[in-house]
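Engineer: Supplied in C-alpha cells, the structure appears directly below.
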Amino acid sequence: MTKVYLSLGSNMGDRQGYLQRAVEALKQLTDTEVETVSSYYETAAWG
311 MTKVYLSLGS NMGDRQGYLQ RAVEALKQLT DTEVETVSSY YETAAWG
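Next comes the structure, spelled out in C-alpha cells:
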C-alpha cells in the first residue's frame with residue numbers, strides 16, 4: 311500500500327467541522343485507510 315501525507319485547510323465558516331467531514335469522507339474511500347489525524351491548528355491569516 312502507498313503511504314500518503316495529506317494536509318487539509320479551511321478558512322471559512324465551520325472550519326473544524328469541514329475538516330472533520332473531509333477526514334470522514336476519506337475514510338469512506340475504497341482501498342483507503344486513515345491511519346492518524348493530527349491535532350487541529352489555527353493560525354492568523356497572511357498573504
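Quick note, in this note's numbering, the sequence shown goes up one by one and the last residue is 357. C-beta: ideal position from N, C-alpha, C; glycine also.
So which of 324, 355, 346, 353 has the shortest CA-CA distance to residue 333?
Structural biologist: Comparing Cα positions, the closest option is 346.
Engineer: Does DSSP classify residue 337 as helix, strand or coil?
Structural biologist: Three-state result, residue 337: helix.
Engineer: Within a Cβ cutoff of 7 Å, which residues of the same chain sit near residue 337, ignoring the five residues on either side of it in sequence?
Structural biologist: So the list reads 344, once near-sequence residues are dropped.
Engineer: Measure the Cβ-Cβ separation of residue 350 and residue 329 and say whether it is below 8 Å.
Structural biologist: Cβ atoms of residue 350 and residue 329: closer than 8 Å.
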